[in-house]
Every structure is written in C-alpha cells, then in structure tokens.
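When you number the sequence shown by full-length UniProt numbering, it's gap-free, plus one each residue, and the end is 367. These notes are about the structure you will find just below.
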Amino acid sequence: MKKKRLSANRSLRSGRLLKSRAFHSIKRRGKLQRPVAKRLSRNRSRSSRYDHSAGVSDGRAWRSGATYDTRVEKLREAIHDKWRRRFLETPIKQNEDWKFLQLRGKSYAAGFMQGSGMHTPLSAVPLRHKAAAVVCAGSNEAALQAVLNELEALPLHEIVIVLATPTDWMYSQARSRHNTVIAHLPAAVDADVGRALGSKLTGADIVLFVDGEHAVNADILARFLWVCDGRLDVALNDLSGQMGVFQKRAGVERFHEFLNASLDRGDLKINSLSSLPFAVSRHALDTLGATALTVPAKAHALAILKGLRIGLGGMADSRRLNGSRGDWRVAAGDHVEAWREAMTARGSRLQFTDSTRNRTALGDWER
1 MKKKRLSANR SLRSGRLLKS RAFHSIKRRG KLQRPVAKRL SRNRSRSSRY
51 DHSAGVSDGR AWRSGATYDT RVEKLREAIH DKWRRRFLET PIKQNEDWKF
101 LQLRGKSYAA GFMQGSGMHT PLSAVPLRHK AAAVVCAGSN EAALQAVLNE
151 LEALPLHEIV IVLATPTDWM YSQARSRHNT VIAHLPAAVD ADVGRALGSK
201 LTGADIVLFV DGEHAVNADI LARFLWVCDG RLDVALNDLS GQMGVFQKRA
251 GVERFHEFLN ASLDRGDLKI NSLSSLPFAV SRHALDTLGA TALTVPAKAH
301 ALAILKGLRI GLGGMADSRR LNGSRGDWRV AAGDHVEAWR EAMTARGSRL
351 QFTDSTRNRT ALGDWER
C-alpha cells in the first residue's frame with residue numbers, strides 16, 4: 001500500500017514538474033518577444049516627441065522670419081514644405097509604415113502650429129512629386145464646401161473644380177479657395193466626363209479624383225497620394241469590407257468583380273476605377289489618356305491590360321450604388337466596352353484556354 005502511494009506521489013510530482021517547465025518555457029519565449037514590441041513602441045514614441053519638438057522650433061523660426069504671413073493657406077504651405085524637407089532628410093527606415101508616418105506628420109504639424117501660434121486642419125504627407133485633385137461639383141452647395149475643406153488640408157499643388165451650371169454661391173466659393181483651377185461648363189455633363197476634362201487641366205505628377213457630393217476625411221485621402229508617389233500607378237478605393245455575401249451584392253459590384261476575375265486580377269475583388277475616390281500617377285494618366293476616364297470600367301480594364309501597377313490606396317465609405325434599372329444598364333454597357341477592349345488585346349477567350357472541347361471534330365461544318 002505504501003509503495004502504491006509513493007508511486008502515485010511521484011507521478012503527481014513529475015506531472016506538476018512537466019507543467020511547470022512548459023509554463024516557464026512559454027514565459028521565457030514571451031519575455032523574448034515583449035521587449036521587442038516595447039522597444040519599437042518606445043522608439044516610435046521617442047520619434048514622435050522629436051518630430052513635435054522639431055515642429056515647435058520650425059514654427060517659431062517661421063513666425064519670426066521674413067516669410068511669415070497671417071493667412072492660413074501660408075501656414076499650410078509652410079508646414080507641408082518644412083515637413084517634406086525634414087522627412088526626406090531623415091534616415092529612419094520605418095518611414096514606409098503608413099501609420100507611423102501619419103503619426104509623425106501629425107506630431108510635427110501640431111508642434112509647428114504650437115510654435116507659430118496659428119492653427120488649421122491639416123494632414124501632413126511628405127510627397128516627392130507634385131499632386132493635384134480633380135472634383136466635379138454636383139448641385140449640393142454644402143457638400144462642395146465640405147469636399148473643398150478636406151482637400152485644402154492636403155499638400156496639393158492645385159485643385160481643379162469642374163462646375164456645370166453652378167449657382168453664384170458655388171462659383172464664388174470655388175474662386176475664394178487657394179490654388180484652384182475652375183472649369184466652368186455652360187451645360188450639365190456626366191460626372192465622369194467632367195472629371196476626365198478636369199484631368200486635362202493639370203500637369204501634376206499625382207492626380208486625386210474625388211466625389212463632389214461626398215466628402216472624405218483628409219487623413220484617408222492622404223494615403224491615396226502617398227501610395228501613388230512612386231509606389232503605385234493606380235490607387236483604388238478598397239470596398240472589400242462592404243462586399244457581403246454574393247447574392248446580396250449590387251449588380252454593378254458583380255460587374256466589377258467579374259471584370260477583375262476575367263482579367264486575372266481577382267485580388268482586386270469589387271474594387272474598380274468606377275468607385276471614388278481614386279488616384280493615378282502621371283505615368284498612368286499619360287498611358288491611358290484622359291479620354292479613357294470618361295468610361296471608368298474601360299479605363300480600369302486598360303490599366304490592367306497595359307500592366308500598370310494597380311493596388312489599394314485606402315478605405316473610404318462609398319455611397320451605395322444606385323440599383324435602378326437605368327443605372328444597371330449604363331454599367332452593363334460600360335463593362336461591355338471594357339471586355340471588348342480586352343478581347344481585342346488578348347483574344348476572345350482572354351487568358352483562358354479551351355482544353356475540354358475538340359473543335360476539330362466539326363470539320364468544315366457551318367451552321
């Protein structure tokens with residue numbers, strides 16, 4: 001009886017020992033990982049504090065310098081220019097991390113405004129190339145004002161505003177903004193046509209296209225500019241999170257998804273140049289031609305066919321596509337044009353081979 005108890009105690013102790021060793025092993029592995037994350041967090045926090053201090057210093061210097069101007073647009077220009085120069089001179093390799101980059105930009109801008117004693121909404125993005133935005137105004141005056149407010153927070157060389165039959169207030173609102181180019185059309189045009197026309201009026205290296213009736217936060221739009229600054233040729237709005245199950249998707253979304261799949265870009269899912277906002281590089285605009293943007297589905301297909309670098313720029317809430325019969329027919333016609341263009345370039349079967357049918361069995365038979 002004593003031997004049995006001893007053996008039972010030994011097995012119990014050995015079991016506890018094994019569990020204890022496993023626990024300490026896991027704990028040790030955790031200890032190896034935690035300091036890395038903490039160190040990275042500390043480095044980022046230290047970098048943000050440094051950027052804020054640098055911003056305060058630059059803001060004070062700008063306020064006491066000869067270029068000081070009390071106008072808000074001059075403050076924005078100064079912050080964008082100083083931050084771009086400082087960023088490009090910084091050897092830190094984490095610059096490619098967008099979230100960290102955005103955090104640094106916000107810290108620097110906050111410091112600059114503190115040092116200058118002036119404040120304004122701003123999204124600091126250190127771009128190497130000139131950027132512009134194109135917006136085709138609708139009939140909603142308040143929406144246009146909100147859209148322009150967000151665009152002014154970005155480092156844009158110019159904002160092209162296409163106005164078709166505008167009200168006097170809309171025209172004066174567009175003229176009162178800084179660095180605007182206004183295209184005044186005598187008659188109403190389709191928004192896609194208006195944006196295509198607007199793209200011809202800018203020579204910027206990056207062109208951002210936005211909806212004139214739906215404002216998107218400047219911090220979201222900033223990433224579209226960032227990825228098109230030498231990283232992508234076409235930056236699409238990421239609507240993947242709004243896909244839902246297939247049977248509940250709108251007909252237009254199914255067209256987008258099928259077009260991407262048929263051109264061997266299933267990774268793009270329902271994302272397309274038909275959804276605003278999006279951004280393109282100067283190389284993409286010159287390759288496609290501004291006229292191609294009048295039919296976004298066709299321009300999207302051409303971008304894939306011509307091997308442009310296409311990816312996702314950001315995730316902006318998009319207005320639900322209208323499911324009316326008329327809109328559905330227009331979208332169907334646009335996608336037919338896109339597939340016709342693709343078949344002209346790649347053949348009637350695109351990249352898909354027909355390995356199941358023996359067509360030689362037909363011989364010379366004709367229907």
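Cβ atoms here follow ideal geometry from the backbone N, Cα and C, with glycine treated the same way.
Residue 280 places its beta carbon 8 Å or farther from that of residue 334.
Residue 76 counts as buried, since at least 16 other C-beta atoms from the protein chains shown sit within 10 angstroms of its C-beta.
For residue 179, the closest alpha carbon among the candidates 133, 68 and 85 is that of 133. The beta carbons of residue 259 and residue 146 sit no closer together than 8 Å.
By the 16-neighbour rule on beta-carbons within 10 angstroms, residue 266 is exposed. For the set 154, 135, 207 and 256, the Cα lying nearest the Cα of residue 182 is the one of 135. When only Cα atoms are considered, residue 223 and residue 206 end up about 12 Å apart. The residues 233, in chain order, have a CB closer than 7 Å to that of residue 283 in the same chain once the five nearest residues on each side in sequence are set aside.
Here the alpha carbons of residue 150 and residue 100 stand approximately 21 Å from one another. One thing to note: residue 109 has its Cβ within 8 Å of the Cβ of residue 122. Counting only residues of its own chain and dropping the five nearest sequence neighbours on each side, residue 309 has a CB closer than 6 Å to the CB of 232 and 233. Counting only runs of 4+ residues, the alpha helix (DSSP H) found wholly inside the region 266 to 342 occupies 282 to 288 and 296 to 305, in chain order. Here residue 58 carries a helix assignment [DSSP, helix/strand/coil]. In this structure, residue 69 sits away from residue 104, with a CB-CB distance that is not shorter than 8 Å.
Going by DSSP, residue 246 is part of no beta strand (DSSP E) at all; its letter is neither H nor E. With respect to residue 175, residue 293 sits apart: the two C-beta atoms are not nearer than 8 Å.
If you check the CB distance, residue 238 and residue 312 come in under 8 Å.
Judged by beta-carbon spacing, residue 74 lies beyond the 8 Å limit of residue 112, meaning their Cβ atoms are not closer than that value.
As computed with DSSP, residue 209 is found in a beta bridge with 134 and 278. By the C-beta density criterion, residue 248 is exposed, having fewer than 16 other C-beta atoms within 10 angstroms. Per DSSP, residue 188 is not a residue of any beta strand (DSSP E), being assigned neither H nor E. Using a Cβ distance threshold of 8 Å, residue 218 and residue 227 do not count as a contacting pair. Leaving aside the five residues that flank residue 257 on each side, the residues in its chain whose CB is nearer than 7 Å to its CB run, in chain order, 269 and 270. Beyond the five residues adjoining it in sequence on each side, residue 62 comes within less than 7 Å, by CB distance, of 68, 78 and 116 in the same chain, given in chain order. The Cβ-Cβ distance between residue 273 and residue 299 falls below 8 Å. Assigned with DSSP and collapsed to three states, residue 72 falls in helix.
Note on residue 278: 16 or more other CB atoms within 10 angstroms of its CB, so buried under the neighbour-count rule. Per DSSP, the continuous beta strand (DSSP E) segment holding residue 236 begins and ends at 234 to 237.
Exclusion of the five residues before and after residue 55 leaves 108, 111 and 112 as the residues of its chain whose Cβ lies within less than 6 Å of its Cβ. About 6 Å separates the Cβ atoms of residue 285 and residue 199, confirming a contact at the 8 Å cut-off.
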